[in-house]
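Number of protein chains: 2
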Amino acid sequence: MTDTLSHIDATMDDRLARLFDFIRIPSVSTDPAFAPDVARAAEWLAQTLRDMEADASVRETVGHPMVVGHLDGPADAPHVLFYGHYDVQPADPLELWNTEPFEPQLVPVEGDTHIVGRGASDDKGALMTFVEACRALIETNGSLPIRVSFLFEGEEESGSRSLPGFLEKAADELACDVVLVCDTDMWDRETPAVTTMLRGLVGQQMTIQSGDRDLHSGMFGNAAANALTVMSEVLASLRDAKGGVAIEGFYDGVQELAEETAAEWAALPFDEAGFLENVGLKVPAGEEGLPVLHQVWARPSCEIHGVWGGYTEPGFKTVIPCEAHAKLSFRLVAGQDPEKIRTAFQEHVRAKLPADCSVTFSDHGLSPAWAMDRENPYLAPTLAALSDEWGRSTTCGTGGSIPIIGALRDKLGVDALLVGFGRFDNRIHSPNEKYDLSSFRGGMRSWVRIIEKLGA
Amino acid sequence: MTDTLSHIDATMDDRLARLFDFIRIPSVSTDPAFAPDVARAAEWLAQTLRDMEADASVRETVGHPMVVGHLDGPADAPHVLFYGHYDVQPADPLELWNTEPFEPQLVPVEGDTHIVGRGASDDKGALMTFVEACRALIETNGSLPIRVSFLFEGEEESGSRSLPGFLEKAADELACDVVLVCDTDMWDRETPAVTTMLRGLVGQQMTIQSGDRDLHSGMFGNAAANALTVMSEVLASLRDAKGGVAIEGFYDGVQELAEETAAEWAALPFDEAGFLENVGLKVPAGEEGLPVLHQVWARPSCEIHGVWGGYTEPGFKTVIPCEAHAKLSFRLVAGQDPEKIRTAFQEHVRAKLPADCSVTFSDHGLSPAWAMDRENPYLAPTLAALSDEWGRSTTCGTGGSIPIIGALRDKLGVDALLVGFGRFDNRIHSPNEKYDLSSFRGGMRSWVRIIEKLGA
Chain G
71 MTDTLSHIDA TMDDRLARLF DFIRIPSVST DPAFAPDVAR AAEWLAQTLR DMEADASVRE
131 TVGHPMVVGH LDGPADAPHV LFYGHYDVQP ADPLELWNTE PFEPQLVPVE GDTHIVGRGA
191 SDDKGALMTF VEACRALIET NGSLPIRVSF LFEGEEESGS RSLPGFLEKA ADELACDVVL
251 VCDTDMWDRE TPAVTTMLRG LVGQQMTIQS GDRDLHSGMF GNAAANALTV MSEVLASLRD
311 AKGGVAIEGF YDGVQELAEE TAAEWAALPF DEAGFLENVG LKVPAGEEGL PVLHQVWARP
371 SCEIHGVWGG YTEPGFKTVI PCEAHAKLSF RLVAGQDPEK IRTAFQEHVR AKLPADCSVT
431 FSDHGLSPAW AMDRENPYLA PTLAALSDEW GRSTTCGTGG SIPIIGALRD KLGVDALLVG
491 FGRFDNRIHS PNEKYDLSSF RGGMRSWVRI IEKLGA
Chain W
71 MTDTLSHIDA TMDDRLARLF DFIRIPSVST DPAFAPDVAR AAEWLAQTLR DMEADASVRE
131 TVGHPMVVGH LDGPADAPHV LFYGHYDVQP ADPLELWNTE PFEPQLVPVE GDTHIVGRGA
191 SDDKGALMTF VEACRALIET NGSLPIRVSF LFEGEEESGS RSLPGFLEKA ADELACDVVL
251 VCDTDMWDRE TPAVTTMLRG LVGQQMTIQS GDRDLHSGMF GNAAANALTV MSEVLASLRD
311 AKGGVAIEGF YDGVQELAEE TAAEWAALPF DEAGFLENVG LKVPAGEEGL PVLHQVWARP
371 SCEIHGVWGG YTEPGFKTVI PCEAHAKLSF RLVAGQDPEK IRTAFQEHVR AKLPADCSVT
431 FSDHGLSPAW AMDRENPYLA PTLAALSDEW GRSTTCGTGG SIPIIGALRD KLGVDALLVG
491 FGRFDNRIHS PNEKYDLSSF RGGMRSWVRI IEKLGA
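Listed in order, the protein sequences are those of chains G and W.
First residue of the first sequence: 71, per the working numbering; consecutive thereafter.
First residue of the second sequence: 71, per the working numbering; consecutive thereafter.
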């Protein structure tokens with residue numbers, strides 16, 4: 071193993087070059103204009119696995135394709151399925167990037183180096199820590215000590231619509247003992263973590279219509295319903311005065327955080343003020359009186375992602391718009407039923423509308439929250455391997471959603487182990503996304519240790 | 071006069087052809103991309119006046135140019151200044167037009183014909199009723215019975231920024247006994263009106279900033295301020311539960327409508343339900359208990375014209391945006407000070423912001439309301455001339471703003487007489503703007519009668 075770890079350190083340039091090639095492909099899954107690039111990223115990934123002698127191929131779906139690959143190992147060793155996604159979020163707003171989003175750069179910073187680019191962290195950099203760990207093990211040992219399968223999807227950032235069907239169809243081929251996922255953060259710069267709780271998601275888009283045409287505010291102002299006024303009132307009504315979600319029944323089934331877990335989290339060295347200061351904020355915006363960690367890990371939320379309507383070009387137009395649009399989502403915790411939340415939200419909106427206005431909804435994701443079984447036999451060796459590399463390790467929660475985790479448990483009957491090397495300040499989904507070079511190096515070295523320990 | 075009226079009817083095709091040429095120039099003043107077209111429209115108009123032997127020229131300003139022209143008449147006859155604007159509103163949303171906005175069309179409808187195109191009504195069609203009336207009088211009589219000056223601006227739809235300065239500089243040249251303005255509507259299809267009240271306008275654009283970057287809703291949702299949530303709450307807070315404007319001091323100085331005027335308006339045959347039904351609505355949205363006519367003519371209002379922020383492209387992005395934008399305006403009535411309203415609005419917004427959010431404002435117009443002196447000596451002959459043409463006439467209010475009216479009174483020391491032939495359903499500022507052929511014909515014929523009566 072020492073050989074493999076040294077080998078990784080000695081060949082960093084090649085490993086970075088491959089990651090850069092991958093980032094250069096603008097595989098934005100949500101925008102149809104990028105579909106050819108998404109397909110190109112899938113092909114690049116399949117070829118990268120084939121270069122390691124994996125049995126790998128691109129599998130078409132009704133949406134963006136899957137990449138599946140297999141690397142043999144000892145028949146009695148555990149069989150792991152590594153899941154990642156090769157699609158990325160849109161890069162906009164482009165004007166806020168300091169570098170080209172799809173032309174990755176190394177930027178030295180105090181104590182580390184940033185790999186900057188869209189997908190550098192989420193999920194191309196993270197995904198490549200595992201792929202490169204396998205490659206390094208094969209380069210030094212000729213083969214892997216466990217059986218490894220790969221599953222990479224291209225729709226994680228746009229709802230993973232094809233995944234459940236594909237998992238069902240390919241369940242036999244993807245049968246395994248545990249799924250490994252590398253799409254999460256470390257607890258802090260020094261402490262790698264296994265994430266044991268994820269929030270679910272209900273994503274919604276809505277269009278409010280008032281009347282059948284745009285109107286002149288001088289002629290109709292005051293008297294005619296304004297779709298943007300109605301939208302503002304609807305959106306404002308989603309939160310109560312104490313920062314909670316004001317939809318009836320929204321918190322039904324939500325459990326108080328177990329005392330033991332609350333105590334564990336309270337013991338974590340978390341700088342609540344610094345968490346917000348780091349992004350230019352200082353006033354916690356959510357439920358009053360709840361620690362920030364509870365809010366982002368263990369409480370459901372409602373966030374508005376986009377609003378548009380009326381005249382938005384330079385200059386001014388005194389129009390009363392007849393249409394207004396919004397995209398928003400709810401993060402869910404265990405105990406909440408996504409379909410019930412969606413229904414309650416839509417009923418809440420309809421109840422707020424004046425009688426002559428109407429609303430239409432469309433879905434952008436619907437997934438329940440997830441919590442890992444703490445008795446899973448792969449958890450302890452993984453935590454031990456992480457401690458070997460970093461000197462420490464922990465479990466934690468996360469506020470994000472990885473909808474696939476629920477699908478994996480449902481379709482393959484196995485649980486997932488979430489190990490990630492991302493940092494809090496990676497700006498994923500934002501301009502100037504980055505991945506620390508120490509995350510990339512430490513991630514590859516950690517996976518080597520985990521694979522060795524699972525194969526021991 | 072009968073000769074001139076018959077002459078107009080006999081030469082409608084030529085008069086329409088000139089109007090169509092004018093509409094074909096996309097003189098959108100608010101969008102810098104159309105600046106060359108705005109300049110072209112000014113030159114077209116000056117040439118049109120010169121074709122009538124007027125002393126006319128284009129005058130440069132720091133913004134879009136003015137067109138000024140003069141036609142002689144008897145030295146002892148009244149001197150009128152006709153004001154109009156040759157710029158138009160943007161045509162968007164383009165997809166809602168049934169025809170090309172800048173390719174005017176004649177569309178037959180039951181009982182009339184529509185001239186369809188951006189500016190067909192506001193203000194190109196209206197402006198040309200007066201220009202063509204002068205042309206027809208000269209064609210039949212060789213000269214006009216009064217002295218006429220023309221002032222056409224190219225910034226009416228974007229704040230008339232250059233106008234006050236220009237009026238001041240050109241006050242001697244533009245000295246006159248009364249200003250005529252043709253930018254208003256008839257009371258109904260059969261009844262022409264002189265408009266004696268106009269609302270003022272405070273136009274504002276604002277950007278709310280929360281934090282210094284967009285954030286991932288999974289990592290920061292609940293805990294971090296969301297600029298769109300804050301914007302929604304700010305916008306929703308501008309109206310109270312009874313449809314009034316909830317800004318402190320907003321109604322200070324607003325007078326109750328005089329009983330006499332209220333009675334006059336109550337006597338007008340106005341179908342309140344039909345007014346809204348015509349645009350697909352049925353619930354009056356403004357102040358509870360107030361008749362719609364009072365709301366749009368005699369009460370101040372607040373309308374949102376545009377909102378945008380976050381991810382608005384196809385698909386979905388779970389971002390917490392750090393910026394949100396809105397354009398909105400207040401219509402004012404007599405007694406309200408535009409600068410005080412602007413200050414009160416900005417203070418209201420600032421008071422609603424969380425301590426770690428900020429807001430910036432920019433102006434889009436600032437003008438007081440206006441009410442005409444009922445004793446003006448030109449009012450009675452104008453109403454009489456209108457009755458001669460249409461069989462009836464009336465005075466009325468309007469909810470719109472024509473900021474120039476106040477500037478004319480301030481800079482030239484004369485009042486304005488607002489006569490218009492627009493119809494309620496002309497869709498000005500909206501897709502499929504139209505001007506009725508009967509408005510165009512009746513407008514030209516009305517101006518001939520008014521000019522003759524003022525010269526008698």
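The beta carbon of each residue, even a glycine, is placed where N, CA and C say it ideally should be.
Model, not experiment: these values are computed from the prediction.
(request) Starting from W/C427, follow its DSSP beta bridges and name the residues at the other end. (result) W/C427 pairs with W/S280.
(request) Identify, in the order they occur along the chain, each residue of the same chain with its Cβ nearer than 6 Å to the Cβ of G/N446, setting aside the five sequence neighbours on each side. (result) D485
(message) Please state the DSSP three-state secondary structure of G/K504.
(response) strand
(message) Between the alpha carbons of G/W114 and G/P384, how many angstroms are there, rounded?
(response) 42 Å
(message) Short of 9 Å Cβ to Cβ, which residues in the segment 230-258 of chain W face chain G?
(response) D255
(message) Suppose the cutoff is 8 Å on Cβ atoms and the five residues either side in sequence are ignored; what does the same chain contact list for G/G525 look like?
(response) G143, P144, A147, P148, L214, P215 and I216
(request) Could you say if the segment 396-415 of chain W and the segment 268-275 of chain W meet the contact criterion of at least three C-beta pairs nearer than 8 Å? (result) yes
(message) Whole angstroms are fine: how far does the CA of W/I411 sit from the CA of W/L305?
(response) 16 Å
(request) Quick one: residues in its chain with C-beta nearer than 8 Å to the C-beta of G/T261, no 5 flanking neighbours on either side, listed in chain order? (result) Excluding sequence neighbours, G/T261 sits near W460, R462, S463 and T464.
(request) Determine the extent of the beta strand (DSSP E) in which W/C372 is found, giving its start and end residues. (result) Segment S371 to G380, the beta strand (DSSP E) holding W/C372.
(request) Please work out which residues of its chain come closer than 8 Å, Cβ to Cβ, to G/V353, disregarding the five sequence neighbours upstream and downstream, and give them in chain order. (result) Around G/V353: L346.
(message) Within a Cβ cutoff of 8 Å, which residues of the same chain sit near W/A161, ignoring the five residues on either side of it in sequence?
(response) If we look at W/A161 and ignore the five residues flanking it on each side, its Cβ neighbours are P96, V98, W167, P171, F172, R188 and P501.
(request) Quick one: residues in its chain with C-beta nearer than 6 Å to the C-beta of G/A206, no 5 flanking neighbours on either side, listed in chain order? (result) T74, H77 and I78
(request) Kindly provide the ranges of any beta strand (DSSP E) runs that are 3 or more residues long and lie completely inside the segment 145-182 of chain W, ordered along the chain. (result) Taking only runs of at least 3 residues, the beta strand (DSSP E) segments lying wholly in the segment 145-182 of chain W are 149-155 and 175-179.
(request) Identify the contact partners of W/N168 in chain G, using a Cβ-Cβ distance below 7 Å as the criterion. (result) Ordered by position in chain G, no residue passes the 7 Å Cβ test against W/N168, which lies about 12 Å from the chain.
(message) Rounded to whole angstroms, what is the Cα-Cα separation between W/D407 and W/A368?
(response) 15 Å
(request) Give the straight-line distance between the Cα atoms of G/T382 and W/W378, rounded to the nearest whole angstrom. (result) 7 Å
(request) Within the same chain, show all residues whose beta-carbon is closer than 6 Å to that of G/Q159, passing over the 5 residues directly before and after it, in chain order. (result) E227 and H499
(message) Between W/V353 and chain G, is any beta-carbon pair separated by less than 8 Å?
(response) yes
(request) Note down the Cα distance separating G/P339 from G/T100, rounded to an integer number of angstroms. (result) 37 Å
(message) I'd like to know if the segment 282-295 of chain W and the segment 282-290 of chain G are in contact, where contact means that at least 3 CB-CB pairs between them fall below 8 Å.
(response) no
(message) Tell me which residues share the same chain as W/L308 and place their Cβ nearer than 7 Å to its Cβ, disregarding the 5 neighbours each side in the sequence.
(response) V315, A316, I317 and C372
(message) Quick check: G/H375 and W/T388, are their CB atoms within less than 8 Å of each other?
(response) yes
(message) Suppose you measure from the CA of W/L244 to the CA of W/K422; what does that come to, to the nearest Å?
(response) 47 Å
(message) At the level of alpha carbons, what is the spacing between W/G212 and W/M122?
(response) Using only the alpha carbons, I get a separation of about 10 Å.
(request) Could you spell out the range, first to last residue, of the alpha helix (DSSP H) harbouring G/V403? (result) Unbroken run through G/V403: none, as it is neither H nor E.
(request) From the DSSP output, in three-state form, read off G/E122 for me. (result) Reading off the sequence, residue 122 of chain G comes out as Met, not Glu. Of the three classes helix, strand and coil, the one that applies to G/M122 here is coil, per DSSP.
(message) So, at 6 Å on beta carbons, what are the nonlocal neighbours of G/K523 in its own chain, with the 5 sequence-adjacent residues on each side left out?
(response) P451 and A455
(request) Could you tell me which residues DSSP puts in a beta bridge with W/W440? (result) W/L268
(request) Go ahead and label W/R420 buried or exposed: buried means 16 or more other beta carbons lie within 10 angstroms of its beta carbon, across all protein chains shown. (result) exposed
(message) the ligand ATP and G/L164: does the residue's C-beta get closer than 7 Å to at least one heavy atom of that ligand?
(response) Looking at this structure, you won't find the ligand ATP or any other ligand, since it has none at all.
(request) Kindly indicate which residue of G/V264, G/Y153, G/L233 and G/L119 has the alpha-carbon position closest to the one of G/V132. (result) G/L233
(message) Does any residue of chain G have a CB that is nearer than 8 Å to the CB of W/A306?
(response) yes
(request) Mind checking the segment 280-303 of chain W against chain A and listing, in chain order, the residues whose C-beta falls within less than 8 Å of any C-beta there? (result) Among the protein chains in the structure shown, which are G and W, there is no chain A.
(message) Using only the alpha-carbon positions, how far apart do W/L355 and G/Q279 sit?
(response) Reading off the sequence, residue 355 of chain W comes out as Ala, not Leu. Near 14 Å, if we compare the C-alpha coordinates of G/Q279 and W/A355.
(message) List, in chain order, every chain G residue whose beta-carbon is nearer than 8 Å to that of W/P335.
(response) First, the amino acid is wrong: residue 335 of chain W is Trp here, not Pro. Against chain G, a Cβ distance below 8 Å from W/W335 picks out nothing, because the smallest value is about 14 Å.
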